[in-house]
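In my numbering, the protein residues as written are 2 to 134.
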């Protein structure tokens, strides 16, 4: 495969990566908030069935309304790696399968272990409203 073909093939994968959200690294949340973005944090673990159920709902909602993906900064926080991090401690995250929306220095909403589509949609709508205000 030549370089040009490789670049085109790699570019084709970018939209699916964007749907998954960015993976957390220290400082990412602060930089997104400092840039004025609304941040949707998803504290999850690969082995967590509740997290997988939340992820399916989030993906379905993003597919139904592309405005979520365009306006909100989705960040996945690996619970196994960052469950005891400064971020988790500062936000008092009790466990994996916690979803949190932040804007500026405020927490706008949170769901702990909830998997209902209506509940998650309400949180995503709160984030969208803050992002587009």
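Every residue, glycine too, gets a C-beta built ideally from N, C-alpha and C.
Taking only the alpha-carbon atoms, compute the straight-line gap between residue i and residue j and give it to the nearest angstrom.
i, j, result
"residue 46", "residue 96", "10 Å"
"residue 52", "residue 59", "10 Å"
"residue 111", "residue 130", "15 Å"
"residue 99", "residue 113", "4 Å"
"residue 37", "residue 106", "10 Å"
"residue 50", "residue 30", "25 Å"
"residue 88", "residue 26", "10 Å"
"residue 86", "residue 28", "11 Å"
Can you tell me which residues form a DSSP beta bridge with residue i?
i, result
"residue 45", "79"
"residue 101", "42, 111"
"residue 126", "According to DSSP, which records beta bridges pairwise, residue 126 is partnered with nothing at all."
"residue 134", "Paired residue(s): none; residue 134 is not in a bridge."
"residue 73", "39"
On a CA-only basis, which of the options is nearest residue i? Give me that one, please.
i, options, result
"residue 57", "104, 115, 79", "115"
"residue 24", "64, 109, 82", "82"
"residue 94", "38, 126, 43, 22", "43"
"residue 122", "133, 104, 65, 106", "65"
"residue 120", "133, 54, 32", "54"
"residue 22", "32, 92, 134, 78", "78"
Apart from the five residues on each side of it in sequence, which residues of its chain come closer than 6 Å, Cβ to Cβ, to residue i?
i, result
"residue 41", "73, 75, 102, 128"
So for residue i, helix, strand or coil by DSSP?
i, result
"residue 32", "helix"
"residue 121", "helix"
"residue 94", "coil"
Which residues in the same chain as residue i place their Cβ atom closer than 7 Å to its Cβ, once the five residues preceding and following it in sequence are excluded?
i, result
"residue 69", "62, 63, 125, 129"
"residue 166", "Outside the shown range of the chain, which is 2 to 134, sits residue 166, and nothing can be said about it."
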